[in-house]
Amino acid sequence: MAEIIYGNLIAKDVKNELKEQIELLKREKKKIPFLCVVLVGNNPASLSYIKGKEKACNEIGMDSQIIHLDENTSEKELILKINELNNDEKIDGILVQMPLPSHIDENRVMESISSFKDVDGLNPYNIGKLYLKEDGMIPCTPLGIVELLKRSNITIKSKKVVVIGRSKLVGNPVAKLLLDENATVTICHSKTENLKEIAKSADILIVAIGREKFVDKTFVKDNAVVIDVGINRNSEGKLVGDVDFDDVKEVASYITPVPKGVGPMTIAMLLSNTFKAYLNKEKING
Ligand code: NAP
Numbered sequence: 100m101a102e103i104i105y106g107n108l109i110a111k112d113v114k115n116e117l118k119e120q121i122e123l124l125k126r127e128k129k130k131i132p133f134l135c136v137v138l139v140g141n142n143p144a145s146l147s148y149i150k151g152k153e154k155a156c157n158e159i160g161m162d163s164q165i166i167h168l169d170e171n172t173s174e175k176e177l178i179l180k181i182n183e184l185n186n187d188e189k190i191d192g193i194l195v196q197m198p199l200p201s202h203i204d205e206n207r208v209m210e211s212i213s214s215f216k217d218v219d220g221l222n223p224y225n226i227g228k229l230y231l232k233e234d235g236m237i238p239c240t241p242l243g244i245v246e247l248l249k250r251s252n253i254t255i256k257s258k259k260v261v262v263i264g265r266s267k268l269v270g271n272p273v274a275k276l277l278l279d280e281n282a283t284v285t286i287c288h289s290k291t292e293n294l295k296e297i298a299k300s301a302d303i304l305i306v307a308i309g310r311e312k313f314v315d316k317t318f319v320k321d322n323a324v325v326i327d328v329g330i331n332r333n334s335e336g337k338l339v340g341d342v343d344f345d346d347v348k349e350v351a352s353y354i355t356p357v358p359k360g361v362g363p364m365t366i367a368m369l370l371s372n373t374f375k376a377y378l379n380k381e382k383i384n385g
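All residue numbers for the sequence shown refer to our numbering, where the first residue is 100 and numbers rise by one.
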């Protein structure tokens, strides 16, 4: 029976570490890191996500602001607002909540965020840095997955990792990060043949596809580590992952639940990236 990796508990440790550092800054009467979250429109899931982010900032004493723009905000207006935030000295991190309304090009918006303040790590400059193995902002979910594995003392080096999903947000960057940790990585997607067979070869299986309970134990090697990134709502309105948790936990050595798995780590890494952006700016300003 697998050991459950509770991401919410690991995220709490990360947040406590950040909180201590912020308390120290406060005692020294220094500027506090500041995260600005921009939401366009009223997507209910996005509204709940940004509230979660604001709450997390409050918990650790980080300054934050939510800018809520009307659904009909044009791309130009949004980019002008982002330029304003790029030039605002007090703001260290900017996150534009996705998805944006369909009349706005997400890539152009990502490009408009200063690479120094891009705490989501989705600006092309930071994506380039990741692929050049240089220090930049790394997308929060992949960063959270690697942190989860490391803090659970799971060996990555020389292990066979299979990532199911190749999105720019999760699949691709997590594969690159694990390659940089010296794993041997295979990326699978919707056109992959023999998916089950490939998944079953993994020591560490990461599933990020957005299909409710897609992966059952027939995809999983005995004693493999299984990380479930998926967030889906089932017919009863409950959150469920891409992995059939009850089935897979019988064969895996470690498994993340949904909720309380990868999700809380994503928020913790957002705070961590904002703190990093703050430190980078402080270094530049001497
Ligand atoms: P996405 O952009 O829709 O990408 C899904 C990927 O899965 C694509 O590469 C797709 O392949 C692949 N795929 C879809 N169906 C497949 C199948 N039947 N077999 C094999 N591969 C398949 O999604 P995403 O943004 O990466 O998100 C994935 C899931 O993670 C979603 O449930 C999302 O809600 C969740 N998520 C969670 C967090 C968190 O904090 N926990 C953060 C981000 C996302 P193709 O490329 O061939 O289309």
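Ideal Cβ placement from N, Cα and C applies to all residues, glycine included. These numbers come from a predicted model, not from an experiment.
(request) Go ahead and label alanine 144 buried or exposed: buried means 16 or more other beta carbons lie within 10 angstroms of its beta carbon, across all protein chains shown. (result) exposed
(message) Suppose the cutoff is 6 Å on Cβ atoms and the five residues either side in sequence are ignored; what does the same chain contact list for leucine 168 look like?
(response) Val139
(message) What does DSSP give as the partner residue(s) for serine 163 in the beta ladder?
(response) Leu134
(request) Please work out which residues of its chain come closer than 8 Å, Cβ to Cβ, to isoleucine 366, disregarding the five sequence neighbours upstream and downstream, and give them in chain order. (result) Ala110, Gly151, Lys152, Ala155, Cys239
(request) Assign serine 371 to buried or exposed, taking buried as 16 or more other Cβ atoms, counted over all protein chains shown, within 10 Å of its Cβ. (result) buried
(request) Report yes if the CB atom of serine 213 is closer than 7 Å to the CB atom of asparagine 252, and no otherwise. (result) no
(message) Which residue wins for smallest C-alpha separation from glycine 362, given the options Met161, Leu247, Asn293?
(response) Leu247
(message) Does chain C have any CB closer than 7 Å to the CB of glutamate 174?
(response) In the structure shown, chain C does not exist; there is a single protein chain.
(request) Can you tell me which of the three DSSP states lysine 256 falls into? (result) coil
(message) Under 6 Å: does the beta carbon of valine 269 sit that close to some heavy atom of ligand 1?
(response) yes
(request) Would you mind giving the Cβ-Cβ distance between lysine 299 and valine 347, rounded to the nearest angstrom? I have them listed as a contact below 8 Å. (result) That pair is no contact at about 12 Å.
(request) Using 10 angstroms around the beta-carbon of tyrosine 230, count the other beta-carbons present and answer buried if the total reaches 16, otherwise exposed. (result) exposed
(message) Taking 8 Å as the cut-off, does the region 303–312 touch the region 324–343 (at least 3 CB pairs, one atom from each stretch)?
(response) yes
(message) Just to confirm, is the Cβ distance from isoleucine 203 to glycine 160 under 7 Å?
(response) no
(message) Cutting at 7 Å between CB atoms, please list the residues of its own chain near lysine 375, excluding the five before and the five after it.
(response) none
(message) Whole angstroms are fine: how far does the CA of lysine 295 sit from the CA of asparagine 115?
(response) 39 Å
(request) Please check the pair valine 261 and cysteine 287, which I expect to be a contact at CB under 8 Å, by giving their CB distance rounded to whole angstroms. (result) 6 Å
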